[in-house]
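Structure first, commentary second.
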Amino acid sequence: MAGAVVIVATGAAIGSTFLVHHDRKAALPAKPTATHSAPPPAAPPTFAAAESGLLTWSLAAPLSRMAVFPGSGSQVVIAGGLTAQKTSTNAIYTVDTATGVGTLTGHLAQAVHDAASAISGGVMEVFGGGTASSTDTTQAIAAAQGTTSTSKLPQLRSDASAVTVGNTTYIVGGYDGTHPDDQVLATVDGKTFTNVGALPVPVRYSAVAALGGQIYVFGGIAVDGPNAGNPIDAVQTIDIATHRMTMASWKLPQPLQGSSAVVINGEMFLVGGQSNTVQPQTAGMGTTQVPGLSTAGSETVRTIWAVDTAGGKLLNAGQLQVAVSNAGVAVVGSTAWIMGGESNGHVVSVVQMIKPDVKFGTAGTLGAGSPYYGDKLLIADRGNNQILVMDAALNVTFRYPANPTTAKGGGFYFPDDAFFSNNGTQIISNQEDNNTIVKIAYPAGTPTWTYGHPLQAGTASGYLKAPDDAYQLKNGQVIVADDQNCRVLFINPDGSVANQIGTNRVCAHNPPKALGSPNGDTPLYDGNVLISEIRGSWVSEYTPAGALVWATHIPISYPSDPQQLGASPTANPDLYLIADYTAPGAILTFNRAGQVLSMYRPASGPGMLNHPSLVELLPSGVYMANDDDRDRMLAIDPGTGALVWQYGVSDTPGTAPGMLNKVDGFDLLAPDGTTPTHGATG
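Residue 284 in numbering that gives the first Met the number 0 sits at position 285 of the sequence shown, with consecutive numbering throughout.
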């Protein structure tokens, strides 16, 4: 880009794009009849929503407008770009996306940003770009040696985009620092170029990708005409076989420039960018906050759209955790890696990922991109003395009590956990500091059963002291970890105690006679119960009669609410999930021998946990946890460690939409009334 630096987005360069089509499910033709009636029309195609996550690692320094290529295995290669100091860099880095480790592997012959880039003829190519002015230099990167060789474009060109189809790379859009360049160039070797036509509307900073025999050019900044200098909502197409270039009859949802277009597993996505209008947003509503980065009043876009090229429309498929434009993007396998970029005028170092996943919903439908798509989420908002139910689009559909109070008293106070019961028609919640358990009709919101005496602790029948994790069993009994009484109770519907594990106020791990302050009592499919003990950091399995099945010590400071992974009525795997209730907190998996098999424990940043008390594996394959002392719910991809969803403003308690206060429990309810994360309850 020539002249003064303008904080706008670079067109995304996406490396090789495969010509594959959607597996579009069509309705079967009607059975032929004597009248030979026509078959019903094909069902419209459906498109997977996107899982979108913020990695807990980042680039070594803020960077935008760089070239990014898929490398070997899980690696990506980053070349050039614009720094936070508004200078071009010539550095070439190789980043392993599996570990977040980056290595300086070479240098470009010329420092540039705003270059088009693609893999052409098997070689990483950087086409043109800008420093103080536009350049016509092309640079081929030999990544293994960290060296580059150069050639020339037909003329100066920056702010362009590139895409490779088969063996041919197409360079689209851009300008020479003064005049627009509407010529579309084709090359098979990165050295010789053929002009194959002209765009109907010349643009800079467009997003470009190819699918189904067409190249799609999304938005960009108009270089001349009535919209000169502004983003546009146009979609332009290039027929790969004929090179016919047309303006599509359909448009973008809003004017965009600097977006990224990617094709992943045959599905095209348009991601982020910069608009000319302030983007609607509410802090804490589904996305993670990055310290020091405010997006209030920002025109930077966080939306991810699935592109229906046949229907001529863009479908909401989710949202970026951090709104960015001008990012570098590369597709590795089934994942698009979004490196750096610009957010609300700031060059950022964040690393994000997106991948299509039908478990996150169907693009264009309510809640698309949610990790609990199709289900309802129940939240125990302890600090606000309320429980909430919300749909996947984050609409609060139920609140109890209707008018919560912060005052300590005999009412609904200190909901430490909440779970659905009775096929989703009731909610059971224990109030730890209130020493009570209550069942509430859902969605009527009326109490139907209580146990304990408000603000009165004791060991006698009908009394509790700091009850934790109250579940209803399939036989109608309620099980509760009576923490400070050091026992687990099985309570009949009439309030009588059917059985007890542990001895009253004998608080030490001495199975099967005594428990060391139990704070978790998860029902298992085989009828047994999984108990966590704070004192000594033990996890044990007991029968309802109190017989010990196994016990193991976990090398963490404060085990909380263990869960069995992969369990079913016919499977009993040796794999468990638990939270470490400390700061920084942790999520870990372990086996019955006490071996830690995986651990998530960032020491700082957006991913750091502060006293998480419950973590569950959702049907979508991600972990959801309540991060108590950071006032948020969050979901984490266990494969990458990426934060894929958040509700609540980090470290900021509140009652407004998108805010929580010392959140302390959650549950899911499926449309059929089942509870996907604890199928052994009643």
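We put the CB at the ideal spot given by N, CA and C, even for glycine.
Going by DSSP, P355 is part of the beta strand (DSSP E) stretching over H345 to P355.
DSSP places R398 inside the beta strand (DSSP E), whose first and last residues are V395 to Y399. For the options V321, S157, Q273 and E298, the alpha carbon positioned closest to that of S116 is the one of S157. Look at K312 here: in three-state DSSP terms it is strand. Unbroken beta strand (DSSP E) runs of no fewer than 3 residues, entirely contained in the segment 588 to 660, are found at 595 to 599, 611 to 616, 622 to 626, 631 to 635 and 642 to 646, following chain order. Secondary structure in the segment 475 to 536: the beta strand (DSSP E) runs of 3 residues or longer, each lying completely within the stretch, are 477 to 481, 486 to 490, 496 to 500, 517 to 522 and 528 to 532 in chain order. Exclusion of the five residues before and after Q476 leaves F489, I490, N491 and A497 as the residues of its chain whose Cβ lies within less than 7 angstroms of its Cβ. By the CB criterion at 8 angstroms, G127 and A159 fall inside the cutoff. Put simply, the segment 373 to 391 touches the segment 409 to 426. At least three CB pairs are less than 8 angstroms apart. In this structure, I436 sits near P466, with a CB-CB distance shorter than 8 angstroms.
Taking C-beta atoms under 8 angstroms as the contact rule, Q425 and K407 fail to qualify, at a distance of about 25 angstroms. Distance from G664 to D416 at the Cβ level is roughly 4 angstroms; contact confirmed, criterion being Cβ atoms closer than 8 angstroms. Buried is the label assigned to N625, since at least 16 other Cβ atoms lie within 10 Å of its Cβ. Contact between Y92 and L107 fails: their C-beta atoms lie close to 11 angstroms from each other, not under 8 angstroms. Counting C-beta atoms within 10 angstroms of its own C-beta, Q471 has 16 or more neighbours from the protein chains shown and is therefore classed as buried. For A585, same chain residues with a beta-carbon under 6 angstroms away, outside a window of 5 residues either side, are D579, M598 and R600 in chain order. Here the C-alpha atom of N429 lies approximately 45 angstroms from the C-alpha atom of L269. Inclusion of D520 and I478 in the CB contact set at 8 angstroms is warranted, their separation being smaller than that value. According to the DSSP assignment, F68 belongs to the beta strand (DSSP E) that extends over A66 to P69. Annotated three-state conformation of R301 is strand, per DSSP.
Linking Q84 to M123 through their CA atoms gives a straight-line distance of about 26 angstroms.
Taking 8 angstroms as the upper bound for CB-CB distance, Q154 and D175 are in contact here, some 6 angstroms apart.
DSSP, read as helix, strand or coil, puts G129 in strand. Residue pairing by DSSP places N194 opposite L184 in a beta bridge.
Rounded to the nearest angstrom, the Cβ distance from A362 to N315 is 7 angstroms, consistent with a contact under 8 angstroms. Distances from the CA of R486 to each of S460, R629, G515 and S495 were compared; the closest alpha carbon is that of G515.
Per DSSP, reduced to three states, the secondary structure at G382 is helical. Straight through space, the alpha carbons of D627 and V164 are spaced by roughly 49 angstroms. For S342 and E298, the gap between their C-alpha atoms comes out near 9 angstroms. With 16 or more neighbouring CB atoms inside 10 Å of its own CB, S119 falls in the buried class. In the DSSP secondary-structure assignment, W336 is bridged to A329 and M352. When P522, V262, V300 and Q213 are compared, the shortest CA-CA separation from K473 is found for P522. Residue pairing by DSSP places K464 opposite no residue, since no beta bridge is assigned to it. Sixteen is the threshold: since fewer than 16 other Cβ atoms of the shown chains lie within 10 Å of the Cβ of L596, the residue is exposed. Looking only at H610, E540 and P225, the smallest Cα-Cα distance to A592 is reached by E540. Under the three-state reduction of DSSP output, D432 falls in the helix class.
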